[in-house]
Each structure stands twice: as C-alpha cells, then as structure tokens.
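Colleague: Under my numbering, the letters of the sequence shown match residues 551 to 892, in that order.
My structure is below; once you've seen it, I'll send some questions.
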Amino acid sequence: MAELPPQNQEIVEKRKSRFKIIAFVFGVLLFFVLISVPLTLVVLNTRQDIAAQYTPVALNSEGEDSAPGVYPGKLVYSTDTQEIYILNPDGTNKQKIADGRSPLFSPDGQRIAYLVDSGQYADHGSGSVPQVAIRSQKLDGSDKQDYCLADGNTRLELIGWSPKGDSIVLRSNGSLIYLCQLATRTLTQAKTPNGDAYLVYDWTPDQAKVLWEANSQDFNLFFGIPDQGGGPIKLTDSQNRYAQGTPPLYASARISPDGKSVAVAGSQVFILSVPGQKSLYEGHSFIKNSRPYRLVWSPDSRAVAVGNSTNTSITIIDLPTGKLSRIVKDTEELVSFDWSRQ
Numbered sequence: 551m552a553e554l555p556p557q558n559q560e561i562v563e564k565r566k567s568r569f570k571i572i573a574f575v576f577g578v579l580l581f582f583v584l585i586s587v588p589l590t591l592v593v594l595n596t597r598q599d600i601a602a603q604y605t606p607v608a609l610n611s612e613g614e615d616s617a618p619g620v621y622p623g624k625l626v627y628s629t630d631t632q633e634i635y636i637l638n639p640d641g642t643n644k645q646k647i648a649d650g651r652s653p654l655f656s657p658d659g660q661r662i663a664y665l666v667d668s669g670q671y672a673d674h675g676s677g678s679v680p681q682v683a684i685r686s687q688k689l690d691g692s693d694k695q696d697y698c699l700a701d702g703n704t705r706l707e708l709i710g711w712s713p714k715g716d717s718i719v720l721r722s723n724g725s726l727i728y729l730c731q732l733a734t735r736t737l738t739q740a741k742t743p744n745g746d747a748y749l750v751y752d753w754t755p756d757q758a759k760v761l762w763e764a765n766s767q768d769f770n771l772f773f774g775i776p777d778q779g780g781g782p783i784k785l786t787d788s789q790n791r792y793a794q795g796t797p798p799l800y801a802s803a804r805i806s807p808d809g810k811s812v813a814v815a816g817s818q819v820f821i822l823s824v825p826g827q828k829s830l831y832e833g834h835s836f837i838k839n840s841r842p843y844r845l846v847w848s849p850d851s852r853a854v855a856v857g858n859s860t861n862t863s864i865t866i867i868d869l870p871t872g873k874l875s876r877i878v879k880d881t882e883e884l885v886s887f888d889w890s891r892q
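Encoded structure:
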C-alpha cells in the first residue's frame, strides 16, 4: 500500500488524537450520569426515612393562628375562677356547665367528673383538713354524685377516667397517683412493679394494660400490667424530658383511643408506639421548647390538644399535617381540660 505523504499522515494522527480526547470526555460524562441516578435515589430515600422517623414542627404565630380542623367530640376545661366550660373542638358553642375544677369526660361522653369543695373536714391529729370531693354530673347539670374524698391542702388534679368507667385517676400534690374506685367510693394509691406511679397513669382502650411514669426509675415511662410483677416494658430512655425542673421528668402522657400511639409531654410533644402496635406518627415531635404540661387525644386519634406551662391556651396539633391551632387564647387562666371519646 502506498504511504501517505508526511503532511497527510500528520493530519490523520491529529484526528486520531482528537477522537481519543472526545471519547475520553464522553466516557467520563457517561460515568457520572450513571452513578448520579442511584446516588440521587439514595439521598431521596434517606431523606424520606429521616422524615418518616422525625418531623419537628415549630410552634410559631402562623401555626397558632391556623384555622381549627374538624374533629369529633367536645372539649371541656376549667378556669382559675373554678368555672367549667364545654365547647366544640373548633372553639364554637362555648357553654358554662358547672362550678369546679379539673374536669374529665366519662367514657361515653355523657357525664363529667370534676373536683369541688365538699364542705367536710378530716381530723389527721394535727388539725382538721378540708376535704375535696370528686363529683360527677350529666352535661345538663343534673344527677350530681360525689365519690371519693381527698385532702384539700395539697394540689389535686383529675387526669383520666378508665375506659370501663369504674375508676378515676387523681394526681395528688402534682405527682403521686391515686385511683378512685367509683363502686366502693374508695381512694387508693396506684402501685406498679417498679414502685409508685408518678405523674402519668393511663389505660389501653380495652383497659388490659397501663401506661405509667416511675419515679424510682429516673422518671421514665413504662407499659404493662401494674398489679403483676412480670416485666413491664420501658418506653423511654430519658429522652426529651422537661429539664428545667428538679428532677427532669414527663409532665403528661396519654394512650390514643385507637390504642396505637402514646403522646408524651416533655421538653416538647413527641409520639411513641404502644408496644405491639405501630403508630403512624412514631418519632414525630411538635411544639419544641413550649413546656407542655397536659395533653389529651381527639376521639379519632388524629389530633392532640396541648396545654402549655403558662396555662394560657389550648393548642390542637393536627398530626397528619403538623398544623397547629389555638381554640382558647389568652382570655382566661386555664387550669385543666379534657376531650371526650365520642
């Protein structure tokens, strides 16, 4: 074969070099395109996993002013002037229904229980102590009945009515838990496998198991059967506790009506799963640094109503969206509240 002139050979070599450079650049670009797709998917999946485990929602003016959602049931609350009001979850149709404090709804939503001065005194040796009664009535004010009596010289609060309607939970001096048995009208201190129940006491919907806080276990939450010694389940490991007091603790915790979730009031509101169940909102947290002191669930387990430590408002957290709305706003001093289960 005849050789090309030197000038033509030089042109061919230059073309080959250019082709090699173009091929190299194309290969590098193709490589990055191929690895970017799975890398993007990994990043997206990781973000989705994190979002599914933990979704912080800060309390701000925009959230507080969100329009209330549509929820079933009624809310009841008491003021520092010992007036008890009932209203819809959107804040409408507010009515005064009793004089007293710390109201609760009965499981069927047809009655309320609350604390009221009984006019009686107990002699404890060191002097007479006024007695406070746990009173129950229908929503129209009729059929008043007094159950257990407790010393009125300590801070008292009703925090729950058992699903079967046979017991009411009384928190004494802001801490120790007592159970008022309605059938016998007797008040007994709640005991658990790891000591006294403290601050928190709530039942699963079938009343088979209980959630409580144990002061002997660094104020952590436990779940199980309180009158049996076998192995309660520890739900918390001191995370997100309200730490500006002594000692750090959880101010409130409640089991959802569907039996799947536990809402906890610590340094913020956060959600756990009930053992053996899977909450849709497990790991989600809301209202950071707001010092929530009390919370209750909506009947459909879709929202949580929260009271802050300054006792000035009820904030409803819509769990699916994270939106917040206040239905009682700084107009009166709130003491306690509850949400019906119907």
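Using N, Cα and C, we set each Cβ at its ideal position, and we do this for glycine too.
Please read all numbers here as calculations on a predicted model, not as lab measurements.
Pick out the complete beta strand (DSSP E) segments inside the segment 644-704, 3 residues or longer, and give them in chain order.
Modeller: 645-649, 651-655, 661-673, 678-688, 695-701
Colleague: Measure the alpha-carbon distance for Thr871 versus Trp889 and round it to whole angstroms.
Modeller: Distance between the alpha carbons of Thr871 and Trp889 is about 20 Å.
Colleague: For Pro842, which residues does DSSP report across the bridge?
Modeller: Asn858
Colleague: For the beta strand (DSSP E) that Asp888 lies in, which residues bound it at each end?
Modeller: First-last of the beta strand (DSSP E) with Asp888: 884-889.
Colleague: With burial defined as no fewer than 16 other Cβ atoms inside 10 Å of the residue's Cβ, what is the status of Asp752: buried or exposed?
Modeller: buried
Colleague: So, do the segment 683-695 and the segment 660-674 have three or more beta carbon pairs nearer to each other than 8 Å?
Modeller: yes
Colleague: What are the start and end residues of the beta strand (DSSP E) that includes Asp868?
Modeller: 863-868
Colleague: Going by the beta-carbon positions, is the gap between Ile867 and Asp640 smaller than 8 Å?
Modeller: no
Colleague: If you run the structure through DSSP and keep just helix, strand and coil, what is Gln767?
Modeller: helix
Colleague: Can you tell me whether Val814 is helix, strand or coil according to DSSP?
Modeller: strand
Colleague: Tell me Glu707's beta-bridge partners as DSSP assigns them.
Modeller: Bridge partners of Glu707: Arg721.
Colleague: On the criterion of 16 or more Cβ atoms from any shown chain inside 10 Å, does Val854 qualify as buried, or is it exposed?
Modeller: buried
Colleague: According to DSSP, is Gln892 helix, strand or coil?
Modeller: coil
Colleague: If you count every other CB in all the chains shown that lies within 10 Å of the CB of Lys694, and 16 or more means buried, which is it?
Modeller: exposed
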